[in-house]
Amino acid sequence: STLRRSRSGSRHLLRRPFASSSAVPERKVAILGAAGGIGQPLSLLMKLNPLVTHLSLYDIAGTPGVAADVSHINTPAEVKGFAAEEQLGQALEGADIVIIPAGVPRKPGMTRDDLFNINARIVKSLCTAIAKYCPNAIVNMISNPVNSTVPIASEVFKKAGTYDEKKLFGVTTLDVVRAKTFYAAKAKVPVSEVNVPVVGGHAGITILPLFSQATPATNALGDEEIKALTKRTQDGGTEVVEAKAGKGSATLSMAYAGAVFADACLKGLNGVPDIVECSFVQSTVTELPFFASKVRLGKNGVEEVLGLGPLSDYEKQGLESLLPELKSSIEKGIKFAQAN
Ligand code: NAD
Ligand code: LMR
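Just so you know, we're using the working numbering here: the sequence shown kicks off at 6 and counts up by one.
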């Protein structure tokens, strides 16, 4: 059984408190939309994460197969699948982190905002359940348009009286992943050493990579190359949507990015110091109520929202240009949640 497998795999360490460096505390991660294009590889990656003790996989279609499949992997995380709406409560109960990749993806020619009508409803109903069944969980929002779905989640939680701004994250890690990859190739530096903050939001020009702060620093890139890198990062999602030609958007790189971000949240929860990732969170960094920037993660989620640091003139311009679009996407989400 799942239970027996988990016990022997864990050598009983999972039932003990977090006392020694070899023991990990119990952590339940729930994935909503687990049988989708992102959900499946994300479920796989979370099953491989040694910090996960319980993995709860929920989808409205296809969950049993994915859960059975992933559960055969001989790692400690105990896998349970939940297939129907009546089981959503069970899927969520006790969750420390809820990752949400539920919703429809783009096809060529669409913007992320074109997904709003369908995905806003899905996110609203899932967040209503989170407020009821695991109000203290950290939420990692992947469903697009992130610039609107995060504000929707915040409003749903406010209405339910459970909102904790430290625990709501829009996942923008894929923008960072792309910026690192593209920068490393152009600057000819080892990709594993590269860091690039990406701020703003998660759609088109609202995605603002700060290549002036990229490390390892390089003098090799001129203004035109920085512009091209910025544009490629901003259009990274569209590059994949077009390459997939109607079969969806980024799933594998997104699952990787989602797993990186969830791992950072788990480490923060477990008290590992100095865990910093970019994420779209409630913020006072700009005049907008939500903004992506570097965030220090801790035992309660957000420990500190870090400022932007010094920007190049090109980045300052990019920041000015993105604010109106990001503002209206945030307001659209808030209005939807208040009206529905
Ligand atoms: P997909 O269609 O392959 O999978 C979505 C899954 O969600 C399906 O299995 C579907 O059954 C499920 N689902 C739908 N309604 C649900 C509900 N009410 N409850 C639970 N599950 C439900 O799509 P995908 O490629 O996995 O993309 C999912 C979302 O992630 C899209 O909105 C996409 O735009 C977004 N996305 C975000 C990023 C990012 O960087 N934040 C990156 C890539 C994709
Ligand atoms: C991405 O950046 O790949 C996602 O937001 C999916 C998309 O629609 O581009």
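Where a beta carbon is used, it is the ideal one built from N, C-alpha and C, also for glycine. All values reported here derive from a predicted model rather than from experimental measurement.
Around the beta carbon of Gly70, fewer than 16 other beta carbons sit within 10 angstroms, so the residue counts as exposed. Taking Glu282 as the centre and dropping the five residues before and after it, the same chain places the C-beta of Thr178, Val181, Val265, Phe266, Ala269, Lys299, Val300 and Leu302 closer than 8 Å to its C-beta, in chain order. Per the C-alpha coordinates, the member of Asp64, Ala165 and Val286 positioned closest to Lys171 is Val286.
Ile65 and Tyr261 have their C-alpha atoms some 23 Å from each other.
Put simply, of Tyr138, Lys129 and Val204 the residue whose alpha carbon is nearest the alpha carbon of Met146 is Lys129. Contact between Asp119 and Ser334 fails: their C-beta atoms lie close to 12 Å from each other, not under 8 Å.
Selection Ile280, Val277, Leu271 and Pro156 evaluated against His207 yields Pro156 as nearest (Cα-Cα). For Cys139, there is no enclosing alpha helix (DSSP H), as DSSP gives it neither H nor E. Between Leu293 and Leu331, the beta carbon gap of about 6 Å places them in contact (Cβ cut-off 8 Å). Placement of the Cβ of Asp64 at a distance of less than 7 Å from at least one heavy atom of the ligand NAD is found.
In the DSSP assignment, Met146 is bridged to Ile105 and Gly175.
For the region 69 to 106, the continuous beta strand (DSSP E) assignments of 3+ residues that do not extend past its boundaries occur at 83 to 87 and 102 to 105, in sequence order. The region 99 to 111 makes contact with the region 34 to 41, as at least three CB pairs between them are under 8 Å. Per DSSP, the unbroken alpha helix (DSSP H) holding Gly44 starts and ends at Gly44 to Lys52. Between Phe174 and Ser153, the CB-CB gap reaches or exceeds 8 Å.
Pro315 counts as exposed, since fewer than 16 other C-beta atoms from the protein chains shown sit within 10 angstroms of its C-beta. Taking 8 Å as the cut-off, the beta carbon of Leu62 is found closer than this to the beta carbon of Gly86. Set against 7 Å, the gap from the CB of Ala107 to the closest heavy atom of the ligand NAD is smaller. One thing to note: Thr238 has its Cβ within 8 Å of the Cβ of Ile212.
Sequence-distant partners of Gly306 (beyond 5 residues in either direction) whose C-beta falls short of 6 Å from its own C-beta, in its chain, are Ile143, Lys171 and Lys172. Distance from Ala88 to Cys139 at the Cβ level is roughly 19 Å; contact not present, criterion being Cβ atoms closer than 8 Å.
Rounded to whole angstroms, Ala248 and Gly114 show a C-alpha spacing of 12 Å.
No heavy atom of the ligand NAD is found nearer than 7 Å to the CB of Ala136.
For Pro110, the shortest C-beta to heavy atom distance toward the ligand NAD is below 7 Å.
Distances from the alpha-carbon of Gly251 to those of Ile127, Lys112 and Gln343 put Lys112 closest. In this structure, the C-beta of Gly67 approaches the ligand NAD to less than 7 Å from one of its heavy atoms. Listed in chain order, the alpha helix (DSSP H) runs fully inside the region 296 to 345 are 318 to 344, counting runs of at least 4 residues.
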